[in-house]
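Asker: Here you go, one structure.
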Amino acid sequence: MTFICRSAARRLALGVALVVLAAGCATAPKKDYAKLVAAQPRSILVVPVVNNSVDVNAPDYFLSTLPVPVGERGYYVFPVNLVKRLLEDDGLSDAALVHGADPAKLASLFGADAILYVTIEKWEAKWVLVSTYVTVEFQYVLKDGKTGATLWEEHQKMEYSSDSGGGGLLGAIVSAAVTKASPNYMPLARQASWKAMAFPGPGFPAGPYRPEHGIDLKQ
Amino acid sequence: MRAPVFAFAVALAVSGCAARTTYHWGSYDETLYKHYKRPLDREAWVAGLEETVLAAEQDGERVPPGVYAELGYALLEEGQTKEAISYFEKEKTKWPESRVLMEKMIRNAQQRAGNVAGARIPASTRGPAGAVETKR
């Protein structure tokens, strides 16, 4: 009898865990991945970030966080700094020019299957009385390197306020950072990209370097 | 009884969303960030990339995509053409998707090495390495 009770409790706990897991990772509505699946990209070129915030350092800082989450999705990710420098040497030091260029031409220059365009919409901190509010907001667009068609896109906004009562582990990291004179946006920015690219979730299916490549969409 | 199960559930939930990584990235993103923060600290930039490469190699892990190439380019900027080419070659071998770009980089570096040897350009006047081949 006790055994049955225990196993029931265990099952209940596991059920709760699965709900937590599902809620944490997969609440966004399903996206259409037909074009992405058809394009079968193996490699992603992450180009310099367009900045719509007033912080001039934000695009380079944010660019530094992008190779890890993209690479972890199982795609070859081009060396972001090398790519940035080559574009600059070619007269494309303005990220907006890069984003405005023909994707197919850009992709062929590097031999890339797809291009990830990231735009910073917000990167700001506000201080109201004793509270600090940090906001980052990004737009991510993945385009086909052959046709220029949009394969995937996602918008992420992350906010942190020092009076929101903890906010878990991330809250602790950010709050430690904002107690200093200038806030550190990096933990929030990183979190935004992980969230944006998570799959199942708002992200995109795994690439050829992940074991679930080709089967994660069918599950 | 419930506590350990719950702890397991939390661990499961956390690992499902982030934590786990395929590659041994080491300090790669931190190194990039510091490079953009302090671009003149070339030593830290090269050392950080070398550290990431070494750590992955020593653990018998695959060096993450792009890291050999970044190191190669950093060394090219330092005028260490031969070392740069060897890292571009490694990137090309380990990551076939990089072939087109790495072949361009290797050709540029070789050309540069030729120019440097021929014209005896002093190290101090060497600018950043050549771009994607000029389309003229």
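Going down the list, the sequences are from chains A and B. Counting in our numbering, the first sequence runs from 48 upward without gaps. Counting in our numbering, the second sequence runs from 3 upward without gaps. Ideal Cβ positions, reconstructed from N, Cα and C, are used throughout, including at glycine. Predicted model, so just to flag it, every value in this text is computed and none were measured.
Would a check of beta-carbon distances place G118/A closer than 8 angstroms to chain B?
Answerer: Mapped onto the first sequence, residue 118/A falls at position 71. Yes, G118/A counts as interfacial toward chain B.
Asker: Does any CB atom of chain B fall closer than 8 angstroms to the CB of P150/A?
Answerer: Translated into the one-based positions of the first sequence, residue 150/A becomes position 103. So no, P150/A is outside the interface.
Asker: What residue range is occupied by the uninterrupted beta strand (DSSP E) comprising H202/A?
Answerer: As a working note, residue 202/A is residue 155 in the first sequence. Unbroken beta strand (DSSP E) run through H202/A: T197 to S208.
Asker: Among the residues of its own chain, which have a CB less than 6 angstroms from the CB of A86/B, if the five just before and after it don't count?
Answerer: In the second sequence, counting from the first residue as 1, residue 86/B sits at position 84. Closer than 6 angstroms at Cβ, skipping near neighbours: G74, L77, L78 and A111.
Asker: CB H26/B to CB A71/B, shorter than 8 angstroms?
Answerer: Numbered from 1 along the second sequence, position 24 holds the residue referred to as residue 26/B. Numbered from 1 along the second sequence, position 69 holds the residue referred to as residue 71/B. No, Cβ-Cβ distance for H26/B and A71/B is not below 8 angstroms.
Asker: Between the Cα of G81/B and those of Q113/B, E105/B and L103/B, spot the shortest distance and give me the residue it belongs to.
Answerer: As a first step, residue 81/B must be located in the second sequence, where it is residue number 79. Here the closest residue by C-alpha is Q113/B.
Asker: Just the Cα atoms here: how many angstroms apart are G158/A and K94/B?
Answerer: Locating residue 158/A in the first sequence gives position 111, counting from the first residue. Locating residue 94/B in the second sequence gives position 92, counting from the first residue. Going by the C-alpha atoms only, they are around 12 angstroms apart.
Asker: Measuring alpha carbon to alpha carbon, tell me which residue in R89/A, P95/A and Y207/A is nearest M233/A.
Answerer: As a position in the first sequence, residue 233/A is number 186, starting the count at 1. Cα-wise, what sits closest to M233/A is Y207/A.
Asker: Grouping DSSP H, G and I as helix and E and B as strand, with all else coil, what is P98/B?
Answerer: Reading the second sequence from its first residue, position 96 is the one you call residue 98/B. In the structure shown, P98/B sits in a helix (DSSP, three-state: H, G or I).
Asker: Using 8 angstroms as the limit for Cβ to Cβ distance, is G123/A near chain B?
Answerer: Translated into positions along the first sequence, residue 123/A becomes position 76. Inspection of the sequence shows that residue 123/A is occupied by Tyr rather than by Gly. So yes, Y123/A belongs to the interface.
Asker: Please list, in chain order, the residues of the segment 100 to 114 of chain B that have any C-beta partner in chain A closer than 7 angstroms.
Answerer: S100, R101, V102 and L103
Asker: Going along chain B, which residues have a C-beta under 8 angstroms from D107/A?
Answerer: Here the question's residue 107/A lines up with position 60 in the first sequence. Y38, listed in chain order.
Asker: Flag this pair as yes or no: are the beta carbons of S90/A and D160/A separated by less than 8 angstroms?
Answerer: For the purposes of this step, residue 90/A is taken as the residue at position 43 of the first sequence. For the purposes of this step, residue 160/A is taken as the residue at position 113 of the first sequence. For S90/A and D160/A, yes; Cβs fall inside 8 angstroms.
Asker: Go ahead and pull the three-state DSSP assignment for E80/B.
Answerer: Stepping through the second sequence from its first residue, residue 80/B is reached at position 78. DSSP, reduced to helix, strand and coil, places E80/B outside both helices and strands of the structure shown, so it counts as coil.
Asker: Does the contact criterion of 3 or more C-beta pairs under 8 angstroms hold for the segment 248 to 261 of chain A versus the segment 188 to 206 of chain A?
Answerer: yes
Asker: Given a threshold of 16 other Cβ atoms within 10 Å of its Cβ, counted over all protein chains shown, does W174/A qualify as buried or as exposed?
Answerer: As a position in the first sequence, residue 174/A is number 127, starting the count at 1. Label assigned to W174/A: exposed.
Asker: Residue range of the alpha helix (DSSP H) that F109/A falls in?
Answerer: By one-based count along the first sequence, residue 109/A stands at place 62. Its alpha helix (DSSP H) spans residues A105 to L110.
Asker: Tell me the DSSP bridge mates of S140/A?
Answerer: On the first sequence, position 93 is the one that residue 140/A refers to. Bridge partners of S140/A: none, in fact.
Asker: Mapping the DSSP letters down to three states, classify D31/B as helix, strand or coil.
Answerer: If you number the second sequence from 1, residue 31/B lands on position 29. Residue state, collapsed to three classes: helix.
Asker: Does the beta carbon of G68/B sit closer than 8 angstroms to a beta carbon anywhere in chain A?
Answerer: Counting from one through the second sequence, the residue named residue 68/B turns up at place 66. Answer yes: the Cβ-Cβ gap between G68/B and chain A drops below 8 angstroms somewhere.
Asker: Thinking C-alpha only, which one of K193/A, S209/A and V84/A is nearest A176/A?
Answerer: Position 129 of the first sequence, counted from the start, is the residue given in the question as residue 176/A. Checking the sequence shown, residue 176/A turns out to be Leu, not Ala. The shortest Cα separation from L176/A among K193/A, S209/A and V84/A belongs to S209/A.
Asker: At 7 angstroms on the CB atoms, spell out the chain A contacts of E72/B, in chain order.
Answerer: Position 70 of the second sequence, counted from the start, is the residue given in the question as residue 72/B. By Cβ distance, chain A contributes P126, N128 and L129.
Asker: Inspect the beta-carbon positions of N128/A and H37/B and report whether they are closer than 8 angstroms.
Answerer: As a first step, residue 128/A must be located in the first sequence, where it is residue number 81. As a first step, residue 37/B must be located in the second sequence, where it is residue number 35. Contact flag set, yes.
Asker: Rounded to a whole number of angstroms, what is the C-alpha to C-alpha distance between A152/A and I162/A?
Answerer: Taking the first sequence and counting its residues from 1, the one referred to as residue 152/A is at position 105. Taking the first sequence and counting its residues from 1, the one referred to as residue 162/A is at position 115. Correcting the residue type first, residue 152/A is Lys in the shown sequence and not Ala. In a straight line, the C-alpha of K152/A is about 11 angstroms away from that of I162/A.
Asker: Which runs of the alpha helix (DSSP H) at least 4 residues long sit entirely within the segment 137 to 187 of chain A? Give them in chain order.
Answerer: Runs of the alpha helix (DSSP H) inside the segment 137 to 187 of chain A: 142 to 147 and 150 to 157.
Asker: Residue range of the beta strand (DSSP E) that L235/A falls in?
Answerer: For this step, residue 235/A is matched to residue 188 along the first sequence. Bounds of any beta strand (DSSP E) do not take in L235/A; it lies within the alpha helix (DSSP H) bounded by M233 to M244.
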